[in-house]
Amino acid sequence: MLKEQTEKGRPKPSFKIAPRSLPNPTDPEATYRKKGKKRPIGYSANLVEQFDCQHRMITQYDLKENTYSDQQFAEDTIEKLPPVKEEVTALVDGAYYSEEIDQKAKGIKMIPTNLVGGGKDSNAAQFEIEEKEHQVKKCPFGHQPIASTFKKGCYRAHLAKKHCNNCPFHKDCAVVEQKKSYLFQVSEKTLHHCQLITKMGTSEYQELARKRAGIEGIPSVLRRRYKIDHLPVRGKVQVKVYFGFKTCLRATHR
374 MLKEQTEKGR PKPSFKIAPR SLPNPTDPEA TYRKKGKKRP IGYSANLVEQ
424 FDCQHRMITQ YDLKENTYSD QQFAEDTIEK LPPVKEEVTA LVDGAYYSEE
474 IDQKAKGIKM IPTNLVGGGK DSNAAQFEIE EKEHQVKKCP FGHQPIASTF
524 KKGCYRAHLA KKHCNNCPFH KDCAVVEQKK SYLFQVSEKT LHHCQLITKM
574 GTSEYQELAR KRAGIEGIPS VLRRRYKIDH LPVRGKVQVK VYFGFKTCLR
624 ATHR
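Take the sequence shown: its letter number 33 is residue 406 in the working numbering, and every next letter is one higher.
Structure, rendered in structure tokens:
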């Protein structure tokens, strides 16, 4: 621990300390992670709850080092689910979602919440794009591009300056001015991300996404009532077993 956390007898700056360095000699498997404004040490837990109009039940739990990503938890969950005869809807936090994971989830319709968009790129979803032909058909104001190409997973379209300069959407548009025209360019992955963010603004989507709020109270109760942040054991296996007991107690006391 001293070798990893110090340098010439002084504590290392946080950016020099590796995520998998030893933060506590009493628990060598615990890891350090910076997530937003928080700097947790230890482990990350994941819960899966299945529900319908009348019943709710925790069906899966897992515990890993806290350097384990949310998307890795999502992939693990998909692999553990039994084969589905009918399409299942999975409500997930945005951090658990990616287009690659969605494609792996056969028979599972993933509904992410809290996705964030990126500036002017969000306007890309307003362009009329034929994905089967890989052609940009029209801009949001209805003008056809001078030329449209698709190469290496990226759409490129040139638009006439006379149209873009007088367009009311110009300041918020994902186009870049060039010498003879304006260039619209977006990757297929970014386009799908923007389309999903646009879809999330609909009332139908928001009503469905709100149902995920039911599971948010479970970690809070596990922390306040069952003290999962202060378990009397060390080591990943022991902590996971204790966490499993606490989860079962929570499920039976609902």
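By construction, the Cβ of each residue, glycine as well, lies at the ideal position given by its N, Cα and C atoms.
So, with DSSP's three-state summary, where would you put Ser576? The residue given as residue 576 occupies position 203 in the sequence shown. Ser576: helix per DSSP, three-state reduction.
How many Å lie between Ala547 and Glu448 at the Cα? As a position in the sequence shown, residue 547 is number 174, starting the count at 1. As a position in the sequence shown, residue 448 is number 75, starting the count at 1. Approximately 32 Å, taken between the alpha carbons.
Can you round the beta-carbon distance between Leu420 and Ile588 to whole angstroms, since I take them to be within the 8 Å contact cut? As a working mapping, residue 420 is identified with position 47 in the sequence shown. As a working mapping, residue 588 is identified with position 215 in the sequence shown. Indeed, because the Cβ distance is near 7 Å, the residues count as touching under 8 Å.
Identify the continuous beta strand (DSSP E) that holds Leu556 and give its terminal residues. The residue you call residue 556 lines up with position 183 of the sequence shown. Run containing Leu556: Ser554 to Ser560, per the beta strand (DSSP E) assignment.
Ordered along the chain, which non-local residues of its own chain (more than five positions away) have a Cβ less than 7 Å from that of Lys534? Taking the sequence shown and counting its residues from 1, one reaches residue 534 at position 161. The answer, listed in chain order, is Ser554 and Tyr555.
Just checking my contact of Leu581 with Ile484 at CB under 8 Å: how many whole Å lie between their CB atoms? For the purposes of this step, residue 581 is taken as the residue at position 208 of the sequence shown. For the purposes of this step, residue 484 is taken as the residue at position 111 of the sequence shown. Indeed, because the Cβ distance is near 6 Å, the residues count as touching under 8 Å.
Can you check which of these residues, Val612, Lys505, Ile570 and Phe618, is closest to Asp400 by C-alpha distance? Translated into the one-based positions of the sequence shown, residue 400 becomes position 27. Nearest C-alpha to Asp400: Val612.
Measuring alpha carbon to alpha carbon, tell me which residue in Leu595, Thr450, Thr440 and Glu422 is nearest Pro413. Residue mapping note: residue 413 aligns to position 40 of the sequence shown, counting from 1. Nearest neighbour of Pro413 by Cα position, chosen from Leu595, Thr450, Thr440 and Glu422, turns out to be Thr440.
Let me make sure I understand the geometry here. Which of Pro518, Lys411 and Ser417 has the alpha-carbon closest to that of Gly617? Position 244 of the sequence shown, counted from the first residue, corresponds to residue 617. Looking at the Cα atoms, Ser417 is the closest of the given residues.
Taking all protein chains shown into account, decide if His566 is buried (16 or more other Cβ within 10 angstroms of its Cβ) or exposed. In the sequence shown, residue 566 corresponds to position 193, counting from 1. Classification for His566: buried.
Three or more C-beta pairs below 8 Å linking the region 586-606 and the region 383-395: With the cut-off at 8 Å, the region 586-606 and the region 383-395 do not touch.
Within 8 Å of any Cβ in chain C, is that where the Cβ of Asn487 sits? In summary, chain C is missing from the structure at hand, where a single protein chain is found.
I'd like the list of long-range same chain contacts for Thr462, defined as Cβ closer than 7 Å, with 5 residues on each side in sequence excluded. For the purposes of this step, residue 462 is taken as the residue at position 89 of the sequence shown. Take Thr462, set aside five residues on each side of it, and the residues of its chain with a beta-carbon closer than 7 Å to its own are Lys482 and Ile484, in chain order.
Can you tell me whether Ala520 is buried or exposed? The criterion is at least 16 other CB atoms within 10 Å of its CB, across all chains shown. Within the sequence shown, the letter at position 147 stands for residue 520. Burial call: exposed.
Does the Cβ of Asn375 have 16 or more other Cβ atoms within 10 Å, making it buried, or fewer, making it exposed? Here residue 375 is taken as the residue at index 2 of the sequence shown, counted from 1. Strictly speaking, residue 375 in this sequence is Leu, with Asn absent from that position. Exposed, because fewer than 16 other Cβ atoms sit within 10 Å of the Cβ of Leu375.
State the start and end residues of the unbroken beta strand (DSSP E) segment that holds Asp450. Against the sequence shown, residue 450 aligns to sequence position 77. Checking the sequence shown, residue 450 turns out to be Thr, not Asp. Element bounds for Thr450: not the beta strand (DSSP E) but the alpha helix (DSSP H), Asp443 to Lys453.
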